[in-house]
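Number of protein chains: 2
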Amino acid sequence: PLRRKHDKRSLVFADLTREEYLQVQQYMLTLKDLDISTNSLTKPSENFLFLIELSLPKKADALAYLDGKGANPIREATVVVFYGAQGYIKEYVVAPLPYPTYHRDVTMERYKTELPITARTVTIGEYDLVFKFLDEVFSKMGKILKESFDVGPNNKLQMFEQMPRGVRSGDRKTWISFFRNMSGIYIHPVGFEVLVNHQSVNASAWRVERLLYNGQYFDTVKDLQDKYDKGFVKKIVYKQSPDYGSLKPRNKPLQIGPQLFYGEFKRYSISNNHVVYMDWSFAFGLSSLTGMRVFDVRFNDERIVYELSVQEAMSVYGSLTPGMMLTKFLDSSIGIGRFAHELVRGVDCPHEASYVDTYRYIDVPAPVRVRNSICIFEHSMGQPLRRHFSDFSHTSYGGMMNSALVFRTITAIGNYDYMWDFIFYQSGSVEAKVHATGYIASSYLVDGNLKYGHQVADKVLGNIHTHFINFKVDLDVLGLNNYFQTKDMEYVNTSLPWMPDHYAMVPQLVEKQLKTEQEAALHHDTKTPRYLHIASNKTNRWGHQRSYRLQVLSFTGDNLPESQAEERAMSWARYKVAITKRKDLEQTSSSLYNQNNIWTPAVDFSKYIADNESIENEDLVAWVTTGFLHIPHAEDIPNTVTVGNGGGILLRPHNYFDEDPSIHSADGVYIAPG
Amino acid sequence: PLRRKHDKRSLVFADLTREEYLQVQQYMLTLKDLDISTNSLTKPSENFLFLIELSLPKKADALAYLDGKGANPIREATVVVFYGAQGYIKEYVVAPLPYPTYHRDVTMERYKTELPITARTVTIGEYDLVFKFLDEVFSKMGKILKESFDVGPNNKLQMFEQMPRGVRSGDRKTWISFFRNMSGIYIHPVGFEVLVNHQSVNASAWRVERLLYNGQYFDTVKDLQDKYDKGFVKKIVYKQSPDYGSLKPRNKPLQIGPQLFYGEFKRYSISNNHVVYMDWSFAFGLSSLTGMRVFDVRFNDERIVYELSVQEAMSVYGSLTPGMMLTKFLDSSIGIGRFAHELVRGVDCPHEASYVDTYRYIDVPAPVRVRNSICIFEHSMGQPLRRHFSDFSHTSYGGMMNSALVFRTITAIGNYDYMWDFIFYQSGSVEAKVHATGYIASSYLVDGNLKYGHQVADKVLGNIHTHFINFKVDLDVLGLNNYFQTKDMEYVNTSLPWMPDHYAMVPQLVEKQLKTEQEAALHHDTKTPRYLHIASNKTNRWGHQRSYRLQVLSFTGDNLPESQAEERAMSWARYKVAITKRKDLEQTSSSLYNQNNIWTPAVDFSKYIADNESIENEDLVAWVTTGFLHIPHAEDIPNTVTVGNGGGILLRPHNYFDEDPSIHSADGVYIAPG
Ligand SMILES: [Ca+2]
Ligand SMILES: [Ca+2]
Ligand SMILES: [Ca+2]
Ligand SMILES: [Ca+2]
Ligand SMILES: [Cu+2]
Ligand SMILES: [Cu+2]
C-alpha cells in the first residue's frame, strides 16, 4: 500500500537509454563531413565522439509538461566532439530522440567562447599514446629503473598525473609521478616524476621537459643518466615494500554484523527513474559528468525541489614535489558519474537495498551498462525522529523511529571514492551528504616535504589538501517566485516590564531579506546569519512565509586565493552559499573543460553573480559548498574512513507546513498508562 | 567469541546500588543532631536529604587500581542535605561503602564558599506548597479563571516556571506561566502568568508580587479582579483548543519499517557496568545530575579516554512576556540523569538493543529503580566505513560496512527530550552526540512578541532560544602527560623548483602547540584552527606525535554577553573548546547550585582557566561546547524532530596508530576478479 503513485512524466529527466545512445552515435556517424571516429583508440589528432548525455529540457517546458499544461518536451542529447584535426571542441544538441534528425552546434550559446582542443579531457586514446611515449622514454633508462625500482619485463611502474597540466592557457604539460605496481598504488610513490609536454595533438612532437629523481631535477633523460652513472645522483636503492595498501582482511570474520531487514515488504517503489516513498516522490538521473541528481522532488504532491544535483568535487594539494605541488582536481572534467561503479551488497549499501543499473557514453566506443550503480533503500537510523515522555502531567509517551529513504551512488575517481547520499526524511527534510573514502594521494618523502603533510608510510608523505564539493539546490517553494531570507538572533538590552529600572540582555529574532545576487553570495570567513531560507511569499496558517531552510554542514579549508589564475575555474568555492536567479544557460557551476583549461574556464561561476540581478520574487537556485580540510595521517592508510570525513546540506521545512508532517506518519507510536 | 575480556575493576565507576543508597540514607538518619528528613514532602523549612550519588574516586587512586598498582579505592558517596532549618546547604562525603562509618563536610573544599539555602533546587516538598499556595490564590479568582480558561473543579491549569527565579543573589521569585491541561501543555499557554515570591523557607511568607493577564500587568490579585470587573481589562474569552499537542498517531500503520537484526549473536557484551565491543572496552555510569558518562575507554587495551561525560545543557530564551523573558535553564541543577526514563523498544532504540536498569536517589524518599533507562546496541550505519574500487590497476574491491556500538540515554527534562549517544567506531573513533526533541517552550502571543520567535499555533509563540551543551573530554593519550596541538593550512607563495621565476600559492601545514589555559580557551566568534589535538609526545611509527583529534559539530547561537550577572554560571559556554589542567576538584563545569544561585554560582568554569596554568606535558581535559540556535517554527508542533537539531564531538585518532585499525576488523570484505 504505497501512498503515492508513479508518474511516467519523470522520464523527462531520464538518462538516455542504450538505444538512444546508439541512435545518437549512429546519427553523428552519418555526418560524414565531420569525420568523427568512435574508436576508443582515436588519436588526439583525429576527431573523437567523446560524450553523449541527456540534454536537460528547458525548465519552463519541463514544468509545463509536469504540471499538465504543455506537451512532452522534445528529448535531446548533448554530444561532445573533440576535433583534434581542427583544434577545437564542439558541443551539439542532437534531437529528437530516440531517432535524431538534426543537430545544432551549441558551443557558443553555452560557453560564449570557442573551446580550444587543449581544454579536452585526456582520452583513452591519448593515454594509450602517453603510455607508449613513456615506454619509449623508459626503454632508454633500464638500468636506473631496474636499480631504483626493480622495473623489468614483469614489473612496470604505475602513474598518477598532476592537474592542471601547466601554468597557463594552452599548456598541456603534465608532471607524471610513478608508483609501485601494488594494491593502492596511490600510496606507493617511488620518488620519480617526469614532466611530459603533450600539448601537440601529434604525439610525435611530445617530449620530456624535466625529470625529478629522489628530489633532484634533471633537464633530460640523458642528463639524469649521465649524472647517475657518474655518481652525482643520490640513488634510490630498490628494496621490497610491505603491502600496506592491501585491503585484504587480516582477520577471519567472527560473525556477521547487524543487518537491516524489511519486516514485510518495501515501503518504497521504483518505476523507471521515478521513486515513491511515503509522502515523497522524485525523478532521478546520473550525469556522466556531474553525477547523481534528482528532479521534481515532491512531498505530498507539492513540488519542493526542482533539481538537487552534485556539481563539482575539487581538491587543492600542497607539496614540495611537482606532481602534487600545483595539483587542483576538478572531478567533473573527468566525469564524476562516469565512475559510479557497481555497488557491493552488504558493504556499500545494505543487502536488502534495491539496485539500479545505469547506462552511459563517455570515452567509449559504445554505450556501457553499469550494473547496480545506484542503490535505494529505506534505512532505520537507529534513533527516534521525535519522541516525548511526559511524567509531570498527562503521563504518556509518543514517538517514532527515524526511518528514511537513502538514494546513493559511490564514485571511485582514481584514488578517492566519494559516497553521495540524498536522504528523504518523513519530517519533510531532504539531506544531501558526501563522504570521502578510498586512497589518499601521496608523494615521495624528500627533505622539506613535511611542511606539506604527514608521513604515513616509509618514505611516503600524505599531502595536505582541501575537499570542496558543490551542490546545486533549485528549490521551488510553492512555485518559482521565491525570496532569500536569513534569520538569526541578537541580544537587545531590554527593560523588564514589571521592574522597568532593571535591564537585561534578551535574545531577539533578526530577519532579513537579501535582494541581489551579490548580497546573497556568502563568502567563507565572513560571519553569516545562522538560518538561510528560500521562502515563498505565501504564508502558512500562522502567517509566516512558507520556507525551506538550508542547513550546511561543512569543515572546508581555505579556498585558493583569488589572485591565482586557476581560481576562476573554481569560483563557486568562494561561497558557502550563493543564490542566483535561475537560468537554463547557467545549468552547472563548473564544466567538462574547467580542468584542462583552468586558466580560461568555460564556466566561471562568479559570472553568474557578476550581473548582480535581483533575487526578489524570482526563480532562485542555491549553490552550496561543503567539504573538509584533509591533513592526512597514519590512519588514512590503507584507506580514509568515511566517519568525520564529509559534509552535507539539510533542506528543512521552516514554516512551510502548519505542523510537523511526520505526525501523520503511520510509524508513530503512542503509549498511555493503564 | 569476544575480542576483549570484562574487568570487574570497572565497578570503581559504578553508580551506587540500591543497597548502597539505602545504607547511606540510613547512616545519615543515625546522625540525630542533624535532624534530617527523607520524607518526600519535607518542607523547605526542614532539613531534607536531597541527593545521594557516587562520589568519584580521585583519578590517581582509580588509575593505580585499574593499572594494577594500587588497592581498590575506598568507595564513597556524595550526600546533599538542604538545611532549611539552618538556611544553608551541605555536601558530605559518606564512606566507606557499602557500610558507611563516617562522613565529612566537603562543601568548602568543593565550592570554596558556603551554599545558601536559596541556591537549592525546588523539591517535591516545595512544589507541594507552591501548588497549595496557587490553589489558594486561584480560589479567590474563580470567575476570571472560569471565564478566561474554563478552570473549574475538573479542569486545572498546568504550570511552567521561569528560571532563574529573580534578578539577584538570594532571589527566589518565580514567574509561573499557566497552560491548558492538555497533551503537551508546553505549547498551550493561556496568557496568564504570576510572579510568586517564595524566598522564605516558610510558605506562610510567600506572596504574589505581580500578575500578567493577556499582556497587562497587575500588582495584586485584587487589582486584577477589580479592573476585570470594571471592564478595564482586555478579556481572554475561553474557547476550546484543538488538541495539536497530541502525539497520538493519526494514521494506521501501513507496515512496519526497516528493522535491525543480529544475524548470529551480539558482538558486544555487558557485565556490571563494563562493556566490551570488538577492540573497545569501557565502564559506564549515569549521574543523576550530569547524566551519562563513560570511563576508562580503551581500544585494544590501551586507555584513550579516562572520562567522557555530559556536563550541562543550557538554554537562554527571549520573550516579551516575563515567563520566558529571563529564562536561562541550567539542566544539571534540576538533574539531567534524573530524567533518564525507560526507553521504548523499537522507537527510542532498536528492538534488538540491550537495555540496562539504573538506580538513583534524588528528591525521593527511597532509591528508585528505572527500568531500561540505558540502551546499548550495535548499529549498522547503512554505509561503508571505508571502501575502494579500483579499475585502473589491480582491479579489486575492498571495504567494510560501518557497524558501530551505540550507548544511549534519553532525558526528558520537562518539555525537552535530549537524546545522548556515545558511539564507538571500529576505526578507533568515539563520538558524543546530542539531539533535542520533545516539546518547545512557548508563550502566549501578545502584541510585540513576534520579535521573539514565530507563531506556531493559535495565540502561541514559539520563543527563540539557544541550546548549549557541554561535554567533558578527559583524553589520556598514552598516559597523563599530554599537549594541546592545533593544525591548519595556509597558502604560501612559492617559487616552482622547475621554473623558479614562476610563483604559486601552495597550501602548507601549520602546526602549533598552545601552552597555557588561556591560550587554549577558544572563544566562539574567533577564528580557530581547524584541527584540535590532544597529543602525547610519544611518536608513532612515522615519527609523528600520537594524538586524538577533537572534531566539533556545532550550530550554536550567541552566548549571553559577559556583562550579564547570570553569565558566570554558564561561562563554559564562552568557548567552543577550552583545555584545562585536570584537577579532582574541577570535576564538573557546572553544579547543582548554578541554576538557583545563578548570580553567585557555586561553580564558575572561567575560574578553572583564570590561573592560566601551563598545559604542557600535563593531564589535560577538553571542555567542549556544542548545540544549536533554535528559532521555533510550525514544524516544531507537536514535537521538535531530531534531524538537524543537535551537535556533537568526534574523537578521532590522528597519527595515534600506524595505520587505520579497522583494517584488522573481521568485517572487511575483499573481492578480486576471477
Ligand atoms: Ca545573475
Ligand atoms: Ca527555484
Ligand atoms: Ca587552571
Ligand atoms: Ca587527560
Ligand atoms: Cu582527502
Ligand atoms: Cu529548542
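Protein chains in written order, with my numbering: chain B, 138 to 811; chain G, 138 to 811.
We put the beta carbon where it would ideally sit given N, CA and C, even for glycine.
For clarity, every value in this text was computed on a predicted model and none was experimentally measured.
query = Interface residues of chain B around L766(G) at Cβ under 7 Å?
reply = M626 and R667
key: CB contact check: W343(G) to chain B, cutoff 9 Å   = no
key: Minimum C-alpha distance to S406(G) - residue among F316(G), C512(G), S425(G) and V358(G)   = C512(G)
N- and C-terminal bounds of the alpha helix (DSSP H) containing R155(B) = R155 to T167
Residue(s) in a DSSP beta bridge with G535(G) = H525(G) and Y807(G)
task = From the DSSP output, read off the bridge partner residues of M429(B).
result = L423(B)
key: chain G within 9 Å of H591(B), Cβ atoms only   = Yes, H591(B) lies at the interface with chain G (some Cβ there is under 9 Å from its Cβ).
inquiry  = Is there a C-beta anywhere in chain B that falls below 9 Å from the one on V338(G)?
reply    = no
ask   = So what's T150(G) in DSSP terms, helix, strand or just coil?
value = According to the sequence as given, residue 150(G) is Phe; it is not Thr. Note: F150(G) maps to helix in three-state DSSP.
request  = Would you check whether ligand 3 has a heavy atom nearer than 8 Å to the C-beta of S238(G)?
outcome  = Per the sequence shown, residue 238(G) should be read as Thr rather than Ser. Answer for T238(G): no, Cβ out of range of ligand 3.
request  = Quick one: which residues of the stretch 628-645 of chain G get their C-beta closer than 8 Å to a C-beta of chain B? List them in chain order.
outcome  = Y628, T631, L633, P634, W635, M636, H639, A641, M642, V643, P644 and Q645
For T458(B), the three-state DSSP class (helix, strand or coil) = coil
ask   = Residue ranges of each beta strand (DSSP E) run of no fewer than 3 residues wholly in the stretch 227-275 of chain G, ordered along the chain?
value = Runs found: 239-242.
inquiry  = From the DSSP secondary-structure annotation, give me the bridge partner or partners of P326(G).
reply    = F316(G)
query = Which runs of the beta strand (DSSP E) fall wholly inside the stretch 687-748 of chain B and span at least 3 residues, in chain order?
reply = 712-718
query = So which residues of chain G does T779(B) contact, with C-beta pairs closer than 7 Å?
reply = Q520, P521, L522, R523 and N539
ask   = Of all the beta strand (DSSP E) runs that stay within the bounds of the stretch 380-422 of chain G, which reach a length of 3 or more residues?
value = Inside the stretch 380-422 of chain G, DSSP marks whole beta strand (DSSP E) runs of 3 or more residues at positions 395-399, 405-408 and 411-414, from first to last along the chain.
task = Could you tell me which of S383(B), F297(B), P379(B) and G221(B) sits nearest to Q336(B), measuring between CA atoms?
result = G221(B)
query = Heavy atom of ligand 6 less than 8 Å from the Cβ of H602(G), yes or no?
reply = yes
inquiry  = Taking the straight line between their C-alpha atoms, what separation do you get for L816(G) and D695(G)?
reply    = With chain G represented from 138 up to 811, any question about residue 816(G) goes unanswered, as that position is not in the structure.
message = If the criterion is Cβ atoms closer than 9 Å, does the pair N731(G) and T255(G) meet it?
response = No; because the gap between Cβ atoms is not below 9 Å, this pair is not in contact.
task = Give the secondary structure of S341(G) by DSSP, where H, G and I count as helix, E and B as strand, and everything else as coil.
result = helix
request  = Please confirm if R430(G) has its CB atom under 9 Å from at least one CB of chain B.
outcome  = no
request  = Can you grab the Cα-Cα spacing for the pair I148(B) / A420(B), in whole Å?
outcome  = According to the sequence shown, residue 148(B) is Leu rather than Ile. Each residue's alpha carbon lies about 8 Å from the other.
query = When Cβ atoms are compared, which residues of the stretch 699-731 of chain B fall closer than 8 Å to chain G?
reply = S700 and Q701
inquiry  = What ranges does the beta strand (DSSP E) occupy inside the stretch 184-232 of chain G, keeping only unbroken runs of at least 3 residues that lie completely in it?
reply    = 184-192, 213-220 and 225-232
query = Which residues are close to ligand 1, meaning CB closer than 6 Å to any heavy atom, in chain order?
reply = E654(B), T717(B), K718(B), Y745(B), I746(B), D748(B) and E750(B)
inquiry  = Any C-beta of chain G within less than 8 Å: which residues of the stretch 387-414 of chain B qualify?
reply    = R387, N388, K389, P390, L391, Q392, I393, G394, P395, Q396, L397, F398, Y399, G400, E401, F402 and R404
request  = May I have the straight-line CA-CA distance separating A710(B) from N607(B), to the nearest angstrom?
outcome  = A710(B) and N607(B) have their C-alpha atoms roughly 7 Å apart.
ask   = By the criterion of Cβ-Cβ separation under 9 Å, what are the contact partners of V543(B) in chain G?
value = Within 9 Å Cβ-Cβ: G519 and Q520.
inquiry  = Rounded to the nearest angstrom, what separates A197(G) and R506(G) at their Cα positions?
reply    = 31 Å
request  = Please confirm if D275(G) has its CB atom under 9 Å from at least one CB of chain B.
outcome  = Checking the sequence, you will find Phe at residue 275(G) rather than Asp. For F275(G), the answer is no, since every Cβ of chain B falls outside 9 Å of its Cβ.
inquiry  = By the three-class DSSP mapping on this structure, what secondary structure does E515(G) have?
reply    = strand
ask   = Taking one C-beta from the stretch 168-182 of chain G and one from the stretch 486-502 of chain G each time, how about it: are there three or more such pairs within less than 8 Å?
value = yes
key: Spatial neighbours of V274(G) in its chain, beta-carbon cut-off 8 Å, leaving aside the 5 residues before and after   = V331, V345 and V358
request  = Using a Cβ-Cβ cut-off of 9 Å, state whether L332(B) counts as contacting chain G.
outcome  = Yes, its Cβ sits closer than 9 Å to a Cβ of chain G.
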